[in-house]
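Residue numbers (full-length UniProt numbering), protein chains in the order written: chain B, 1 to 242; chain S, 1 to 218. In this text, a Cβ means the ideal position worked out from N, Cα and C, and glycines have one as well.
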Amino acid sequence: MSIVEFRKVTKAFGPVVVLQEVDLSISVGEVVVLIGPSGSGKSTLLRCINALEEITSGDLIVDGISVRAGGSKVRLIRQEAGMVFQQFNLFPQMTALENVAFGLRHVRGIGGKEANKQANALLAKVGLAERGGHYPSELSGGQQQRVAIARALAIKPKLMLFDEPTSALDPELRHEVLQVMRSLAEEGMTMVVVTHEMAFARQVGTRLIFMEGGKITVDGDPKSLLASPDNPRLQEFLQHVE
Amino acid sequence: MDFEWSVIADAMPALLNGARLTILITLSGLAGGLVIGFVMGLMRAFGNRIANTIAFLYVELIRGTPIVVQVMFIYFALPVLAEIRVNPLTAAITAIAINAGAYIAEIVRGSFLSVHKGLREAGLAMGLPMWKVLLYIIGPVAFRRMIPPLGNQFIVSLKDTSLFMVIGVGELTRQGQEIMASNFRAVEIWTAVAIFYLLMTGVLTLVLRITEKRMRIL
Chain B
1 MSIVEFRKVT KAFGPVVVLQ EVDLSISVGE VVVLIGPSGS GKSTLLRCIN
51 ALEEITSGDL IVDGISVRAG GSKVRLIRQE AGMVFQQFNL FPQMTALENV
101 AFGLRHVRGI GGKEANKQAN ALLAKVGLAE RGGHYPSELS GGQQQRVAIA
151 RALAIKPKLM LFDEPTSALD PELRHEVLQV MRSLAEEGMT MVVVTHEMAF
201 ARQVGTRLIF MEGGKITVDG DPKSLLASPD NPRLQEFLQH VE
Chain S
1 MDFEWSVIAD AMPALLNGAR LTILITLSGL AGGLVIGFVM GLMRAFGNRI
51 ANTIAFLYVE LIRGTPIVVQ VMFIYFALPV LAEIRVNPLT AAITAIAINA
101 GAYIAEIVRG SFLSVHKGLR EAGLAMGLPM WKVLLYIIGP VAFRRMIPPL
151 GNQFIVSLKD TSLFMVIGVG ELTRQGQEIM ASNFRAVEIW TAVAIFYLLM
201 TGVLTLVLRI TEKRMRIL
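In structure tokens:
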């Protein structure tokens with residue numbers, strides 16, 4: 001069953017066309033890894049899924065709702081698609097616990113006590129049970145990103161979107177974030193991940209998509225594609241990242 | 001010349017009354033100015049084209065004219081134009097409210113827009129409506145950034161009340177002026193008046209500093 005369906009989606013910023021008539025169908029349970037050179041449109045593609053970017057033409061159906069449906073319908077899509085950002089974007093005036101409980105209270109309407117209980121459980125899940133009282137500024141980048149994952153999970157999404165979740169982290173901190181993502185994938189979460197982590201793509205991804213100039217040029221099984229890429233541009237790209 | 005302390009002692013009751021009126025005008029005016037400023041500032045920053053234009057015209061109109069002209073207009077021109085008659089005190093409070101409102105609108109707009117757009121996206125990506133994102137996520141961060149420029153505006157508005165002597169409001173400067181006209185003790189009276197203003201702005205500064213310290217500055 002497909003949960004995300006791009007139908008000839010074009011996205012332009014003024015005269016610059018970033019996505020060109022993209023067709024793509026993502027099924028429940030897939031872990032889709034999006035790679036490509038910078039400016040290829042992978043982040044834009046991801047951000048169209050939860051309507052942070054408005055599509056210029058075509059249609060995009062997420063969990064049965066069109067991103068063009070507007071207003072409250074778009075909010076329903078967003079409540080089913082949790083997002084994790086490159087820069088974490090935690091709410092700086094709230095503690096880690098408050099960050100995670102926020103969505104439970106204001107999106108799912110769960111009362112304060114129960115929200116805190118669930119938020120604590122989610123923090124424990126990302127290995128930060130002891131850090132609930134800390135403000136984002138008191139946490140390392142890896143810890144912040146794990147809080148951000150817990151925050152996105154709190155609204156119980158059907159789908160998780162990751163926009164270069166480890167790119168702002170030091171190499172030794174990436175591991176802890178990738179570990180959380182890996183266990184999420186093992187639980188069967190549908191994930192779309194923009195990343196340069198080829199090891200993650202190989203070990204966790206169930207599908208690899210290579211983008212170039214606003215188009216999907218390679219789409220297939222990550223293990224075989226990474227072992228023997230036959231597309232020359234993909235070959236070249238992989239040489240640069242690995 | 002001799003500094004006559006007794007002149008100040010005699011003038012004290014009148015000056016205290018004046019200071020009380022100055023405080024009343026400032027606090028009431030700024031309360032109104034904050035409401036106007038938040039509404040107009042948010043209209044400028046996040047409103048549609050019509051809301052944005054209305055707020056823009058308001059800010060330009062008020063910032064572009066002197067506050068003395070504004071209070072004269074309210075007090076002398078409005079009765080002629082629209083049969084709206086107000087007493088001098090109401091005119092003074094209204095003038096501070098609409099005048100400070102324009103400057104506060106720009107402070108509010110600037111502070112909200114200065115908050116990293118990632119926070120807005122993170123809020124929206126959860127499926128929150130925009131007003132909740134502004135109220136719970138961006139608002140608190142923006143508010144902390146507003147405190148220093150708001151402090152400036154509060155002090156400017158407090159001192160602007162001295163201009164309302166032109167419509168006969170018995171605020172501090174007007175009281176000083178009247179006492180001076182009867183005893184010609186310029187040095188004592190204006191020194192006392194200046195110290196009163198310093199005390200009032202000093203308290204304001206202190207309150208703002210405490211507020212700022214109590215918040216985690218982001």
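Buried or exposed (CB count within 10 angstroms, at least 16 for buried), residue i
i, result
"Asn89/B", "buried"
"Val207/S", "exposed"
"Met1/B", "exposed"
"residue 219/S", "No answer is possible for residue 219/S: the residues shown for chain S start at 1 and end at 218."
"Leu199/S", "exposed"
"Ala124/B", "exposed"
"Val31/B", "buried"
"Met188/S", "The amino acid at residue 188/S is misidentified as Met; the sequence shows Glu. Per the 10 Å Cβ criterion, buried."
"Gln93/B", "buried"
"Asn99/S", "buried"
"Asn99/B", "buried"
"Asn50/B", "buried"
"Ala142/S", "buried"
"Phe210/B", "buried"
"Arg131/B", "buried"
"Ile84/S", "exposed"
"Phe76/S", "exposed"
"Thr65/S", "exposed"
"Arg63/S", "exposed"
"Phe3/S", "exposed"
"Pro229/B", "buried"
"Thr195/B", "buried"
"Arg78/B", "buried"
"Thr205/S", "exposed"
"Gly136/B", "As written in the sequence, residue 136/B is Pro, which differs from the Gly given in the question. So Pro136/B ends up on the buried side."
"Leu163/S", "buried"
"Pro171/B", "exposed"
"Leu81/S", "exposed"
"Leu124/S", "buried"
"Ile50/S", "exposed"
"Ile210/S", "exposed"
"Lys42/B", "buried"
"Ser157/S", "buried"
Among the options, nearest to residue i - alpha-carbon criterion
i, options, result
"Phe162/B", "Ala81/B, Gln20/B and Arg75/B", "Ala81/B"
"Met43/S", "Ile147/S, Tyr58/S, Ile155/S and Val166/S", "Tyr58/S"
"Gly188/B", "Phe200/B, Thr206/B and Val177/B", "Thr206/B"
"Val69/S", "Gly127/S, Ile167/S, Ala45/S and Ile84/S", "Ile167/S"
"Gln175/S", "Pro13/S, Val7/S and Gly18/S", "Gly18/S"
"residue 246/B", "Ile216/B, Phe91/B, Leu24/B and Arg78/B", "It is not possible to answer for residue 246/B, since the shown part of chain B is limited to 1 through 242."
"Ser40/B", "Glu5/B, Val16/B and Val28/B", "Val16/B"
"Lys158/B", "Thr95/B, Asp63/B, Gln87/B and Phe200/B", "Asp63/B"
"Arg47/B", "Phe102/B, Met160/B and Ala119/B", "Met160/B"
"Gly71/B", "Thr173/S, Gly127/S and Met215/S", "Gly127/S"
"Arg146/B", "Pro165/B, Glu138/B and Gly133/B", "Pro165/B"
"Lys156/B", "Arg105/B, Val18/B and Gln143/B", "Arg105/B"
"Val4/B", "Gln235/B, Val28/B and Glu21/B", "Val28/B"
"Glu197/B", "Glu186/B, Met181/B and Glu212/B", "Met181/B"
"Val193/S", "Gln177/S, Ala91/S and Thr211/S", "Gln177/S"
"Arg233/B", "Lys113/B, Val177/B and Gly36/B", "Gly36/B"
Cβ of residue i within 8 Å of any chain A Cβ
i, result
"Leu89/S", "Absent from the structure: chain A. Protein chains present are B and S."
Should the region 138-152 of chain B be called in touch with the region 8-16 of chain B, which here means at least 3 C-beta pairs below 8 Å? The region 138-152 of chain B vs the region 8-16 of chain B: no contact.
May I have a chain-ordered list of the alpha helix (DSSP H) segments no shorter than 4 residues that lie completely inside the region 42-118 of chain B? 42-49, 71-80 and 96-106
Residues in the region 196-213 of chain S having any Cβ partner in chain B nearer than 8 Å: From the region 196-213 of chain S, no residue has a Cβ closer than 8 Å to chain B.
Inspect the CB distances between the region 173-188 of chain S and the region 23-35 of chain S and report whether three or more fall short of 8 Å. no
Could you tell me whether the region 138-152 of chain S touches the region 106-115 of chain B, where touching means 3 or more Cβ pairs closer than 8 Å? no
Of all the residues that make up the region 124-135 of chain S, which are near chain B by a beta-carbon distance shorter than 9 Å? Leu124, Ala125, Met126, Gly127, Leu128, Pro129 and Lys132
Mind listing which residues of the region 93-114 of chain B have their C-beta closer than 8 Å to chain S's C-betas, in chain order? Gln93, Phe102, Gly103, His106 and Val107
Closer than 7 Å, Cβ to any Cβ of chain S: which residues of the region 37-63 of chain B, in chain order? Asn50 and Leu52
Complete alpha helix (DSSP H) runs within the region 92-142 of chain S (minimum length 4 residues, chain order): 117-125
Quick one: any contact between the region 46-61 of chain B and the region 221-239 of chain B, if contact means 3 or more CB pairs under 8 Å? No, the region 46-61 of chain B is not in contact with the region 221-239 of chain B.
Can you list, in chain order, the residues of the region 88-116 of chain S whose Cβ is nearer than 7 Å to any Cβ on chain B? none
Within the region 143-177 of chain B, ranges of the beta strand (DSSP E) (whole runs, at least 3 residues): 159-163
Check whether the region 95-112 of chain S and the region 27-36 of chain S touch, using three or more Cβ-Cβ pairs below 8 Å as the test. yes
Closer than 7 Å, Cβ to any Cβ of chain S: which residues of the region 189-211 of chain B, in chain order? none
Taking 8 Å as the cut-off, does the region 145-154 of chain S touch the region 119-134 of chain S (at least 3 CB pairs, one atom from each stretch)? no
Going along the chain, which residues of the region 141-161 of chain B sit with their C-beta nearer than 7 Å to a C-beta in chain S? Residues of the region 141-161 of chain B whose Cβ lies closer than 7 Å to any Cβ of chain S, in chain order: Ile155.
Anything in the region 79-94 of chain B with a Cβ closer than 7 Å to a Cβ of chain S? List those residues in chain order, please. Gln79, Met83, Phe85, Gln87, Asn89, Phe91, Pro92 and Gln93
Jot down the residue ranges of each uninterrupted beta strand (DSSP E) in the region 186-218 of chain B, minimum 3 residues, whole runs only, in chain order. Entirely contained in the region 186-218 of chain B, the beta strand (DSSP E) runs reaching 3 residues are, in chain order, 190-194 and 207-212.
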